[in-house]
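Chemist: Numbering (my numbering), first residue to last: 3 to 495. Just so it is clear, CB atoms sit at the ideal spot from N, CA and C, and this is done for glycine as well.
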Ligand code: NAI
Ligand code: MG
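1. Residue 253 to residue 246, Cα distance in whole Å?
2. For residue 1, which residues of its own chain have a beta-carbon under 6 Å away from its beta-carbon, when the five flanking residues on both sides are left out?
3. Hey, residue 365 and residue 395 are a contact pair by Cβ (cut 8 Å); roughly how many whole angstroms apart?
4. Excluding sequence positions up to five away, which residues of its chain have a Cβ less than 7 Å from the Cβ of residue 285?
5. Do the CB positions of residue 103 and residue 116 come within less than 8 Å of each other?
6. Between which residues of its own chain and residue 369 is the CB-CB distance below 8 Å, once the five residues before and five after are set aside?
7. Residue 407 lies in the beta strand (DSSP E); which residues open and close that run?
8. Quick one: grab the DSSP three-state call for residue 250.
9. Compare the C-alpha of residue 140 against each of 167, 94, 93, 188 and name the closest.
10. Less than 6 Å between C-beta atoms, sequence neighbours within five positions excluded: which residues of the same chain meet that for residue 342?
11. Please work out which residues of its chain come closer than 6 Å, Cβ to Cβ, to residue 179, disregarding the five sequence neighbours upstream and downstream, and give them in chain order.
12. Just the Cα atoms here: how many angstroms apart are residue 409 and residue 345?
13. Kindly indicate which three-state DSSP category residue 35 falls into: helix, strand or coil?
14. Do the stretch 227-238 and the stretch 150-157 touch if we need at least three Cβ pairs shorter than 8 Å?
15. With a threshold of 6 Å on Cβ separation, who are the neighbours of residue 433 within its own chain once the five nearest residues in sequence on each side are excluded?
16. Name, in chain order, the residues that DSSP records as bridge partners for residue 23.
17. Give me the Cα-Cα distance between residue 209 and residue 182, rounded to the nearest whole angstrom.
18. Taking residue 218 and residue 226 to be in contact with their CB atoms under 8 Å, please state how far apart those CB atoms are, rounded to whole angstroms.
19. What residue does the alpha helix (DSSP H) around residue 317 start on, and which one ends it?
20. Mind checking which residues open and close the alpha helix (DSSP H) that includes residue 360?
21. If we ignore side chains and look at the alpha-carbon of each, how far apart do residue 478 and residue 291 end up?
22. With a floor of 3 residues, list each beta strand (DSSP E) that falls wholly inside the stretch 412-465, ordered by position along the chain.
23. Would you list the residues sitting across from residue 162 in a DSSP beta bridge?
24. Please report the distance separating the alpha-carbon of residue 118 from that of residue 416.
25. Kindly list the residues whose CB is nearer than 6 Å to the CB of residue 80, restricted to its own chain and excluding five residues on each side of it in sequence; keep chain order.
26. Per the DSSP calculation, residue 193 is bridged to which residue(s)?
27. Under a Cβ-count criterion, where at least 16 other Cβ atoms within 10 Å of its own Cβ denotes burial, should residue 407 be classed as buried or exposed?
28. Can you have a look at residue 287 and say buried or exposed, based on whether 16 or more other CB atoms are within 10 angstroms of its CB?
29. Quick check: does the Cβ of residue 237 come within less than 7 Å of any heavy atom belonging to the ligand MG?
30. Please classify residue 266: does DSSP put it in a helix, a strand, or coil?
31. Using DSSP with H/G/I as helix, E/B as strand and the rest coil, what is residue 386?
32. Pick helix, strand or coil for residue 1, following the three-state DSSP scheme.
33. Taking only the alpha-carbon atoms, compute the straight-line gap between residue 423 and residue 377 and give it to the nearest angstrom.
34. In angstroms, rounded to a whole number, what distance separates the CA positions of residue 174 and residue 66?
35. So, with DSSP's three-state summary, where would you put residue 30?
36. Can you tell me where the alpha helix (DSSP H) holding residue 241 begins and where it ends?
Next comes the structure, spelled out in structure tokens:
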């Protein structure tokens, strides 16, 4: 016999989810991880190590080597030594290694997903369903190009690798960013030195083990751990190319220090994307896209839809739906399969988010946060909406990189374009409308590298990704992402 359940007026479900934790048994952590140089894990010459933690519990997971300039030089030497043989290898043979890495990632997907969530704080359902499968897909995709480079870039002359690439990546998609960097570089015949972010080194180090199992020739991929100083040492080292993803602030420093050196450079930097909802948009779908746009990965996403622009006639309706939806988001243990919003990646990032949210309140915007219990330990921030936001507010201009949405309104198409483009950034944008002609009209006018229509945060290895203005230059993904790792000996440009 079933009793009728009384439904409260609010949208919050009248029941609680049972916890559904993913087991961490599959991950075997070493006490300490050295630097991955010349195909082996080696002790750092610096003699220095630093702890890496789980941001959801603040527990130390392992100690990791801190590479100094001498360690970085050793890694670059290893990459330089490995370059001639790797470049000379038949492209179809090179492809086999890259395919092997892709297959290993698939086979060990669960282990990678659990480790990614442990070390970075992102929900397991995201690392399991997005980060790891996409990382494997990038290796598969670029492996396929390795022996077809001349067809990929017709009439450009003979393609050849650039040489040794220094690659510096951030903490928001640790394994996926490693894949974005390594896969095209390897397929094009380059050797690399990769520096993961200081808060999330562990999946890159597990990837190093995959490189060993794939019997990748020693020195083709080297991985040096450490913070900004290690990254700066890599930028200054005798490499042929730097690829960087991270803050605009550091991107500018790297731009200055590589100027005049002849080193090639690609920068993928910050964003402050507009997600634009027109009055004819299917609102329930738009709500899901807006929620995904800003709360996916706790908002630690360079292309996050952090500015919502709503056409005035549907503002009230959309805001009501958004508030209802916010109440159903589950914030907490990243390893719980029901979790929607996990831990903030670090204390420093949490403080940055708190500071910017305070500025929003002080400058007069209206804040909305659902009630939710946050765990006692670890770094957490409630999903947050701001209304009454004006273009000049810091929360409308600066990258918050957290689960915080600033909502503005507009009346006409031209006003939407104007407001969307009124930012120093230009990485992505979203358009929600039933009208196909309006989608095309907007896509042509938005100064953003990616424009999503009636969806958001969709990624595919075949599709180029990158910025305008202070979001950087160069593209990753697709053929565009292969080109920065190649030179051409003549032919038409
Ligand atoms: P960051 O730009 O300092 O760190 C990114 C990577 O660069 C890390 O591997 C770091 O060790 C390295 N790095 C730092 N200083 C360097 C230097 N002088 N030379 C070479 N490499 C260096 O970013 P951070 O401090 O972790 O985050 C600050 C803000 O940057 C975030 O709040 C967010 O707004 C933005 N950010 C944007 C990212 C994106 O994907 N566009 C990713 C990470 C952060
Ligand atoms: Mg920094």
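Modeler: Once the coordinates are examined:
1. Translated into positions along the chain shown, residue 253 becomes position 251. Translated into positions along the chain shown, residue 246 becomes position 244. Their Cα atoms are separated by approximately 7 Å.
2. The structure shown does not extend to residue 1, since the chain spans only 3 to 495, so no value can be given for it.
3. Residue numbering aside, residue 365 sits at position 363 when the chain shown is read from its first letter. Residue numbering aside, residue 395 sits at position 393 when the chain shown is read from its first letter. Your pair residue 365 and residue 395 checks out as a contact, with CB atoms roughly 5 Å apart and the cut at 8 Å.
4. As a working mapping, residue 285 is identified with position 283 in the chain shown. The residues are 316, 319, 320, 323.
5. As a first step, residue 103 is located in the chain shown; it is residue number 101 there, counting from the start. As a first step, residue 116 is located in the chain shown; it is residue number 114 there, counting from the start. Cβ atoms of residue 103 and residue 116: not closer than 8 Å.
6. Residue 369 sits at position 367 when you count from the first residue of the chain shown. Contacts found: 359, 362, 363, 386, 387, 388.
7. As a position in the chain shown, residue 407 is number 405, starting the count at 1. Where residue 407 is concerned, the enclosing beta strand (DSSP E) stretches over 406-412.
8. What you label residue 250 is simply residue 248 of the chain shown in a count that begins at 1. Note: residue 250 maps to helix in three-state DSSP.
9. The count along the chain shown starts at 1 and reaches residue 140 at position 138. Nearest in C-alpha terms to residue 140, of all of 167, 94, 93, 188, is 188.
10. If you number the chain shown from 1, residue 342 lands on position 340. Hits under 6 Å: 331, 332.
11. Taking the chain shown and counting its residues from 1, one reaches residue 179 at position 177. Annotation for residue 179: 171, 247 place their beta carbon closer than 6 Å to its own, counting only its chain and skipping 5 residues before and after.
12. Numbered from its first residue, the chain shown carries residue 409 at position 407. Numbered from its first residue, the chain shown carries residue 345 at position 343. Between the alpha carbons of residue 409 and residue 345 lies a gap of roughly 24 Å.
13. If you number the chain shown from 1, residue 35 lands on position 33. In this structure, residue 35 counts as strand in the three-state DSSP scheme.
14. With the cut-off at 8 Å, the stretch 227-238 and the stretch 150-157 do not touch.
15. Here residue 433 corresponds to residue number 431 of the chain shown, with the count starting at 1. Apart from sequence neighbours up to five positions away, the residues of its chain that approach residue 433 with a beta-carbon distance below 6 Å are 278, 441, 444, 455, ordered along the chain.
16. As a position in the chain shown, residue 23 is number 21, starting the count at 1. When beta bridges are read from the DSSP output, residue 23 appears opposite 338.
17. Along the chain shown, one-based indexing puts residue 209 at 207. Along the chain shown, one-based indexing puts residue 182 at 180. The C-alpha of residue 182 is placed about 13 Å away from the C-alpha of residue 209.
18. Walking along the chain shown from the start, residue 218 turns up at place 216. Walking along the chain shown from the start, residue 226 turns up at place 224. The Cβ separation is near 17 Å, so there is no contact.
19. What you label residue 317 is simply residue 315 of the chain shown in a count that begins at 1. 317-329 is the span of the alpha helix (DSSP H), which, as asked, contains residue 317.
20. Here residue 360 refers to the residue found at position 358 of the chain shown. Following the DSSP letters along the chain, one finds residue 360 inside the alpha helix (DSSP H) bounded by residues 349-364.
21. The residue you call residue 478 lines up with position 476 of the chain shown. The residue you call residue 291 lines up with position 289 of the chain shown. Roughly 23 Å separates the two Cα atoms.
22. If we require 3 residues or more, the beta strand (DSSP E) runs fully inside the stretch 412-465 come out as 430-434, 452-455.
23. As a position in the chain shown, residue 162 is number 160, starting the count at 1. In the DSSP assignment, the residues bridged to residue 162 are 489.
24. As a position in the chain shown, residue 118 is number 116, starting the count at 1. As a position in the chain shown, residue 416 is number 414, starting the count at 1. Taking the straight line from one Cα to the other gives about 42 Å.
25. For this step, residue 80 is matched to residue 78 along the chain shown. The residues are 39, 40, 221, 224.
26. Translated into positions along the chain shown, residue 193 becomes position 191. BP columns for residue 193 point to 166.
27. Here the question's residue 407 lines up with position 405 in the chain shown. It counts as buried.
28. The residue labelled residue 287 in the question sits at position 285 within the chain shown. Residue 287 is exposed by the Cβ-count criterion.
29. By one-based count along the chain shown, residue 237 stands at place 235. Residue 237: no, Cβ never under 7 Å from the ligand MG.
30. Here residue 266 refers to the residue found at position 264 of the chain shown. Three-state result, residue 266: strand.
31. Stepping through the chain shown from its first residue, residue 386 is reached at position 384. Residue 386: strand per DSSP, three-state reduction.
32. Nothing about residue 1 can be reported from this structure: the residues present for the chain run from 3 to 495 only.
33. Working through the chain shown from its first residue, we reach residue 423 at position 421. Working through the chain shown from its first residue, we reach residue 377 at position 375. Going by the C-alpha atoms only, they are around 38 Å apart.
34. Numbered from its first residue, the chain shown carries residue 174 at position 172. Numbered from its first residue, the chain shown carries residue 66 at position 64. Computed Cα separation, rounded: 19 Å.
35. Here residue 30 refers to the residue found at position 28 of the chain shown. Here residue 30 sits in coil by DSSP.
36. For the purposes of this step, residue 241 is taken as the residue at position 239 of the chain shown. Annotation for residue 241: no alpha helix (DSSP H) segment contains it, and DSSP assigns it neither H nor E.
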